[in-house]
Amino acid sequence: MNNLLDSLLSWVDTRAEVRTRRLAGRAGRRSFLHKAGGIFLGGAVLPMLPYDNSNGIAHASDLGDPNAIPDNCDYWRYCSLHGSLCSKCGGSVTQCPPGTTPSKVAWVGTCRNPKDNKNYLVSYNDCCGKAGACGDDCTRQERDRPGYRMGLASESSWCIANGGSGVHCTVAVVVGLAE
């Protein structure tokens, strides 16, 4: 009986050792380092994968060269604009002129592009810092709200967030499709 018991214990011991070694091969330090390296490498490669973060801007027509955008107040992008166009003041449709800084807060309008009949969200930022406005004012304010509370009307002084510097002009940046 001792031989049988020794034989059984030896068999159990061998099986336990084989399974333990197999488990250690899959879940040991090397295996952990292998998996952690894969995760770190994947985390480094993930931001390089193609991703459309344009929020629909690429689908809008007339959004190519900012210098090709008309300088008149009737352009579709200016549907809620209240102020002077920065493109007439040394800047562009999307960039403030030298010597000014964009306001830290902005108002957003929803404008319809007549070329594709889609609505787009347009962010209007005042450019602050230089005294006095330049050029003619555009005052379209379509679907504007009454100015009883800051943030509901485009006539608010948005440069107050920049320390009270004066409004010079306004840029109109298409944020994306309005859905």
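FYI, the numbering for the sequence shown is 64 to 242, going by this note's numbering. A virtual CB, placed ideally from N, CA and C, is assigned to each residue, including glycine.
Between the stretch 146-158 and the stretch 169-181, do three or more beta carbon pairs fall short of 8 Å?
-> A contact between stretches requires three or more CB pairs, one per stretch, nearer than 8 Å, and the stretch 146-158 fails this requirement with the stretch 169-181.
Element boundaries [beta strand (DSSP E), containing Val234] = By 1-based counting over the sequence shown, the position of residue 234 is 171. DSSP places Val234 in the uninterrupted beta strand (DSSP E) bounded by 230-240.
Indicate whether Cys174 and Cys142 have their beta-carbon atoms separated by less than 9 Å.
-> Position 111 of the sequence shown, counting from 1, holds the residue named residue 174. Position 79 of the sequence shown, counting from 1, holds the residue named residue 142. Yes; because the gap between Cβ atoms is below 9 Å, this pair is in contact.
Between Val230 and Val185, is the Cβ-Cβ spacing less than 9 Å?
-> Counting from 1 along the sequence shown, the entry for residue 230 is found at position 167. Counting from 1 along the sequence shown, the entry for residue 185 is found at position 122. No, these two residues do not count as a Cβ contact at 9 Å.
Could you pull the start and end residues of the alpha helix (DSSP H) that Asn188 belongs to?
-> Reading the sequence shown from its first residue, position 125 is the one you call residue 188. For Asn188, there is no enclosing alpha helix (DSSP H); the residue is found in the beta strand (DSSP E) stretching over 181-191.
Status (buried if at least 16 other CB within 10 Å, exposed otherwise) for Ser228 | Numbered from 1 along the sequence shown, position 165 holds the residue referred to as residue 228. The residue in question, Ser228, is buried, as its Cβ has 16 or more Cβ neighbours within 10 Å.
For Cys191, which option in Val234, Tyr183, Ser166 has the closest C-alpha, if you only look at C-alpha atoms?
-> Counting from one through the sequence shown, the residue named residue 191 turns up at place 128. That would be Ser166, whose Cα lies nearest to the Cα of Cys191.
Where DSSP assigns a beta bridge to Cys149, which residues make up the other side?
-> Taking the sequence shown and counting its residues from 1, one reaches residue 149 at position 86. DSSP, once it has assigned bridges, lists no residue as partnering Cys149.
Closer than 8 Å by C-beta to Ser147: which residues in its own chain qualify, once you throw out the five before and the five after it? Chain order, please.
-> Locating residue 147 in the sequence shown gives position 84, where the first residue counts as 1. The residues Ala196, Cys197, Gly198, Asp199, Asp200, Cys201, His231, Cys232, Thr233, in chain order, have a CB closer than 8 Å to that of Ser147 in the same chain once the five nearest residues on each side in sequence are set aside.
According to DSSP, what are the bridge partners of Gly172?
-> Within the sequence shown, the letter at position 109 stands for residue 172. Val185, per the DSSP bridge assignment.
Which residues mark the beginning and the end of the beta strand (DSSP E) in which Asp76 is found?
-> Your numbering for residue 76 matches position 13 in the sequence shown. Segment 65-90 is the alpha helix (DSSP H) holding Asp76; no beta strand (DSSP E) there.
Compare the beta carbon distance of Asn188 and Trp139 with 9 Å and say whether it is the shorter of the two.
-> In the sequence shown, counting from the first residue as 1, residue 188 sits at position 125. In the sequence shown, counting from the first residue as 1, residue 139 sits at position 76. Trp139 is positioned such that its CB atom lies no closer than 9 Å to that of Asn188.
Could you round the C-beta distance between Lys181 and Leu86 to whole angstroms and report it? I think they count as a contact, below 8 Å.
-> Reading the sequence shown from its first residue, position 118 is the one you call residue 181. Reading the sequence shown from its first residue, position 23 is the one you call residue 86. Under the criterion of beta carbons closer than 8 Å, Lys181 and Leu86 do not qualify as touching, at roughly 58 Å.
Thr202 lies in the beta strand (DSSP E); which residues open and close that run?
-> Position 139 of the sequence shown, counted from the first residue, corresponds to residue 202. Per DSSP, the unbroken beta strand (DSSP E) holding Thr202 starts and ends at 200-202.
Cβ neighbours of Asp134 in the same chain (closer than 8 Å, five flanking residues each side left out) = Here residue 134 corresponds to residue number 71 of the sequence shown, with the count starting at 1. Counting only Cβ-Cβ distances below 8 Å, and skipping sequence neighbours, we find Leu148, Ser150, Lys151.
Name the DSSP beta bridge partners of Thr164, please?
-> Stepping through the sequence shown from its first residue, residue 164 is reached at position 101. Within the DSSP bridge table, the entry for Thr164 names Cys191 as partners.
In three-state terms, what does DSSP make of Asn135?
-> Counted from its first residue, the sequence shown places residue 135 at position 72. Coil.
Using 10 angstroms around the beta-carbon of Thr83, count the other beta-carbons present and answer buried if the total reaches 16, otherwise exposed.
-> The sequence position of residue 83 within the sequence shown is 20, counting from 1. The residue is exposed, with fewer than 16 neighbouring Cβ atoms inside 10 Å.
Buried or exposed: where does Phe95 fall if 16 or more other Cβ atoms within 10 Å of its Cβ makes it buried?
-> For the purposes of this step, residue 95 is taken as the residue at position 32 of the sequence shown. By the neighbour-count definition (other C-beta atoms within 10 Å, threshold 16), Phe95 is an exposed residue.
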